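J.: Going letter by letter, the sequence shown gives residues -17 to -1, 1 to 701 in mature numbering (1 follows the signal peptide of the UniProt record, and there is no 0).
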Amino acid sequence: MPRVVIVGAGLYGLIAAKTYLQVTGPNYPNNSQQSETTEDIPESFQRPRDAQSAHDDTDLLLLESGSSLGGTWAEERLYPNLLSQNSEGLYEFSDMSLSEAMEGLEDEEPPYQDTQPEDRFIPGWKLSRYLTVWSRKWNLPQYMRFNWQVKKISRLPTKEWELGIDIHPEQPSQTRSITILCDKLILSPGLTSVPNILNFAPATGQPPASAEHVIHAKEVGQWCRDNLGYQPIPGQDAHSDEASSQKTLTEPSRVPRRVAIYGGAKSSFDLVHMFATLHQKDPSFHLRGLDATGPIDPVEVHWIIRDGGSGPAWMSPPRSNMPNGQSIASDKVASTRFVGVLSPCTPLVPKRLTLRRSSNFLGWKLTVEGSWLARVLHGNPIGRYFVRRFWKALDKSWGDFAGYDSPQDGGKMGQLRPTNSVIYCGAPLGIANQRGFWDAVRAPNVHIHRSAIESVSGDTSSKEGVIITLADGTDLPLTDLLIQATGWKPTVPIEFNPPSLILQLGLSCPVPTALSSTHGDQDVKVDPEIKKLIKYWDKIDSVSTSRIRRVFGPNSRPPKDVVANTTAPTDDFEFSPYRLFRRMASPELIEEGDRSFVALGFVLTATTAVVAEVQALWAAAFLTGGLDDKRVEKCHDALSINGMSRSDIDRDISEDVVWGGLTGVGPGVDTLNYNDMLLRDLGLSPYRMGGGFVTELTSVYTPKAYRGIVEEWKSMRK
């Protein structure tokens, strides 16, 4: 059996491991227990393929660079008021509910909304706990290796994958490097692996700022452990195997006097809320160090958002109304087909007649394609007018909820008004799901600045903070902590050999800006194969752009008043887009008949768990040849990759990338439309709600809608 390595033990990596084992192992899950330590290297991964002994079991390793599973929800990355953008029932796997994983733990969370439990948003610690319990159900810990950081990936002439790995045990002096081999590689490091850290120069004649006073949002959890006695998982004292990693302060906390937060994305809203309300000693923050601290003054928060780009994120109310008037959690409304068909971000082709090539004697045939709803809503000026009216009304509703035009605050809240309308696909979005969210922002201890940071200098006198100067000339008072809520870089933190391999696999990587189609062909020193690939895709993208504008018309262009969310103009590099078939498979390897590589989780969606299970099954089917053989032909609409030409595959990939660029949606997907496509590829029905047209249009798709799809697909192939 093949040796399989999965890189990344977040949500996508965990479901990929379970699904692959379920597809390939008739007796999975078994009752075997983890017998190896995190430093053990299975023997089969140390020998080349021709030296392997025959056996029936799948060899699988699940590698995680961190010290715990969960990715974004790993214990070491949690911070006090971290809430998921998903309510209960929407961030879980189909075979286990969140409440099942919480059994035996006392819920210390006071109700933060007057809602039913299924409409409450999930604290980060619960998701961390959930993924741990769920992985034990499927016996995944035996395959995991923590603190194994993949540094380098090479493709060998034998078609094996060679991974260079650094193992980081608890004692840094014991770090060692190893090399392993595998036959199949699943890359799932997620989109939050490489922090976008800005390097701020000090003011002229001033020393640079100390690293302990300037951190990224990813490091806030650790800062809270060290300074506020943060205990991420409540009630772990009763679980000795988990509690061993906890470090709870008993001495008084070192509460900062002044904090600056740079950025306008959802994480910046969370951090402003946390520090602005720190003096209230909210028990749901799990800050045990505050128990030994007397009354504390409100922390002075300076929220800095640059005046260019798309501005702060849109923040929706925690609850929204369905077409029937029912009020439910906003994320659940977004997980309906109703929102998908109203959104201009979804590439739904209006119903039309089209001429396609055929094997008949004429060489062409007329076919009907597209959606009637897309024709009614987006395929004519009247429909587009009413769609825009709907989204403009949403702009006003959300603006009124936030109070952007409130006369009582002297224009303070107006500084948080997003630059673009919600209808623009590239507009950053979030949900105002914290208790007292906008009240905390309006509080007098929160100050908002719309300017970029000009310099960050060290304090020469006390060395206990940083001095921040803004581009508009404002000098902030001495600040204890500057947090960069600046997001993540869309790339994989791994070196590839040869360097062009990363593009051949369809992954994003930094390339010189001068190589882009908008800057012409300048003399730039870069790997010749990389330059060749960039030119190849630029040519295909040009054709795709013309076709998309012809088919989708106005929906393929953002409104004229849209401001793009651009990076600083001094950047010498930009990131190439992901070029993955179905957002998972490398077109070059597909052409070679190679089914040894997939990448999971490189999509932006508000309902991650709803996508993850379907992606995992498609990936397992692809890796095991389930999308190749003739058996799929008996299934209506099932995909046969062998029946697709390289030009067909490249056209699909290019149109996906071009649509994201033209509309601003980027790597985002409409969850249900994307899942529908994958399920059709697998020969499964995408309509899972068991009702008619109206039921399908208005029902909330949760992960449970896809319960049993692995068994359904396997039984179909018998």
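Backbone N, C-alpha and C define an ideal beta-carbon position, used for all residues, glycine too. This one's a predicted model, so the numbers in the text were calculated from it and none came from an experiment.
1. Would you list the one or two residues that DSSP bridges to residue 47?
2. Which residues bound the beta strand (DSSP E) around residue 256?
3. Please go through the stretch 635 to 692 and give each complete alpha helix (DSSP H) segment of 4 or more residues, from N-terminal end onward.
4. So residue 333 and residue 358 are in contact, right, with Cβ under 8 Å, and what is the actual spacing, rounded?
5. Please classify residue 249 as buried or exposed, where buried requires at least 16 other C-beta atoms within 10 Å of its C-beta.
6. State the CB to CB distance for the pair residue 378 and residue 404, rounded to an integer number of angstroms; the pair is presumed to be in contact (CB under 8 Å).
7. Could you tell me which residues DSSP puts in a beta bridge with residue 441?
8. If I measure Cβ to Cβ from residue 281 and keep anything under 6 Å in the same chain, skipping five residues before and after, which residues do I get?
9. With DSSP as the reference, please indicate the residues paired to residue 458 in a beta bridge.
10. Classify residue 162: buried if its beta carbon has 16 or more other beta carbons within 10 angstroms, exposed otherwise.
11. Just tell me which of 573, 54, 449 has its CA closest to the CA of residue 436.
12. For a cutoff of 9 Å on Cβ pairs, would you count residue 63 as touching chain D?
13. Could you compute how far the alpha carbon of residue 565 sits from the alpha carbon of residue 636?
14. What number of angstroms, rounded off, separates the C-alpha of residue 662 from the C-alpha of residue 567?
15. What separation, rounded to the nearest whole angstrom, lies between the Cα atoms of residue 286 and residue 452?
16. Do residue 251 and residue 192 have their C-beta atoms closer together than 9 Å?
17. Of all the alpha helix (DSSP H) runs that stay within the bounds of the stretch 357 to 396, which reach a length of 4 or more residues?
18. What three-state label does DSSP hand residue 75 in the structure shown?
19. Restricting to runs no shorter than 4 residues, where is the alpha helix (DSSP H) found entirely within the stretch 130 to 206?
20. Report, in whole angstroms, the separation of the C-beta atoms of residue 297 and residue 411, which I expect to be a contact under 8 Å.
21. State buried or exposed for residue 368, treating a residue as buried only when at least 16 other CB atoms are found within 10 Å of its CB.
22. Report the rounded CA-to-CA distance for residue 240 versus residue 465, giving the unit in angstroms.
23. Can you check which of these residues, 86, 54, 476, 137, is closest to residue 168 by C-alpha distance?
24. Measure the C-alpha to C-alpha separation of residue 46 and residue 12 and round it to an integer number of angstroms.
25. Grab me the residues of residue 42's own chain with a C-beta within less than 6 Å of its C-beta, minus the 5 sequence neighbours each way, in chain order.
26. Residue 241 by DSSP, collapsed to three states: which one?
27. Closer than 8 Å by C-beta to residue 68: which residues in its own chain qualify, once you throw out the five before and the five after it? Chain order, please.
28. Is it buried or exposed, residue 477, if we count other Cβ atoms within 10 angstroms and call 16 or more buried?
29. I need the boundaries of the beta strand (DSSP E) containing residue 306, first residue and last residue.
30. Could you tell me the boundaries of the beta strand (DSSP E) in which residue -3 lies?
T.: Quick answer:
1. Residue numbering aside, residue 47 sits at position 64 when the sequence shown is read from its first letter. DSSP, once it has assigned bridges, lists 129 as partnering residue 47.
2. Position 273 of the sequence shown holds residue 256. Note, residue 256: premise wrong, no beta strand (DSSP E); alpha helix (DSSP H) at 249 to 259.
3. 654 to 664, 676 to 681
4. In the sequence shown, counting from the first residue as 1, residue 333 sits at position 350. In the sequence shown, counting from the first residue as 1, residue 358 sits at position 375. Their Cβ separation, rounded to whole angstroms, is 4 Å, which keeps residue 333 and residue 358 in contact under 8 Å.
5. Position 266 of the sequence shown, counting from 1, holds the residue named residue 249. Residue 249 comes out buried.
6. Along the sequence shown, one-based indexing puts residue 378 at 395. Along the sequence shown, one-based indexing puts residue 404 at 421. Contact holds; Cβ gap of about 5 Å.
7. Counting from 1 along the sequence shown, the entry for residue 441 is found at position 458. For residue 441, which the question treats as bridged, DSSP gives the partners 449.
8. For this step, residue 281 is matched to residue 298 along the sequence shown. Only 262, 428 meet the Cβ criterion.
9. Your numbering for residue 458 matches position 475 in the sequence shown. DSSP lists 452 as partners of residue 458.
10. Locating residue 162 in the sequence shown gives position 179, counting from the first residue. Label assigned to residue 162: exposed.
11. In the sequence shown, residue 436 corresponds to position 453, counting from 1. Of the candidates 573, 54, 449, the one whose C-alpha sits nearest the C-alpha of residue 436 is 449.
12. Considering every chain present, this structure includes no chain D. It has just one protein chain.
13. Residue mapping note: residue 565 aligns to position 582 of the sequence shown, counting from 1. Residue mapping note: residue 636 aligns to position 653 of the sequence shown, counting from 1. Roughly 8 Å separates the two Cα atoms.
14. Taking the sequence shown and counting its residues from 1, one reaches residue 662 at position 679. Taking the sequence shown and counting its residues from 1, one reaches residue 567 at position 584. Whole-angstrom Cα-Cα distance: 14 Å.
15. Stepping through the sequence shown from its first residue, residue 286 is reached at position 303. Stepping through the sequence shown from its first residue, residue 452 is reached at position 469. Spanning the two alpha carbons is a distance of roughly 13 Å.
16. Mapped onto the sequence shown, residue 251 falls at position 268. Mapped onto the sequence shown, residue 192 falls at position 209. No. Outside cutoff.
17. 364 to 385
18. For the purposes of this step, residue 75 is taken as the residue at position 92 of the sequence shown. In the structure shown, residue 75 sits in coil (DSSP, three-state: anything other than H, G, I, E or B).
19. none
20. Looking up residue 297 in the sequence shown gives position 314. Looking up residue 411 in the sequence shown gives position 428. That belief holds up - the Cβ atoms of residue 297 and residue 411 are roughly 7 Å apart, short of 8 Å.
21. What you label residue 368 is simply residue 385 of the sequence shown in a count that begins at 1. It is exposed - the Cβ of residue 368 has fewer than 16 other Cβ atoms within 10 Å.
22. As a working note, residue 240 is residue 257 in the sequence shown. As a working note, residue 465 is residue 482 in the sequence shown. Rounded to the nearest angstrom, the two C-alpha atoms are 12 Å apart.
23. On the sequence shown, residue 168 is found 185 positions in, with the first residue counted as 1. Residue 137 is the option with its Cα nearest to residue 168.
24. Within the sequence shown, the letter at position 63 stands for residue 46. Within the sequence shown, the letter at position 29 stands for residue 12. Roughly 19 Å separates the two Cα atoms.
25. Counting from 1 along the sequence shown, the entry for residue 42 is found at position 59. So the qualifying residues of the chain are -15, 27.
26. Walking along the sequence shown from the start, residue 241 turns up at place 258. Residue state, collapsed to three classes: strand.
27. Within the sequence shown, numbered from 1, the residue matching residue 68 stands at position 85. So the qualifying residues of the chain are 104, 249, 314, 413, 414, 416, 589.
28. Position 494 of the sequence shown, counting from 1, holds the residue named residue 477. With 16 or more Cβ atoms within 10 Å of its Cβ, residue 477 is classed as buried.
29. Here residue 306 refers to the residue found at position 323 of the sequence shown. Careful: residue 306 lies outside any beta strand (DSSP E) and carries neither H nor E.
30. As a working mapping, residue -3 is identified with position 15 in the sequence shown. Premise fails: residue -3 lies in the alpha helix (DSSP H), -7 to 7, not in any beta strand (DSSP E).
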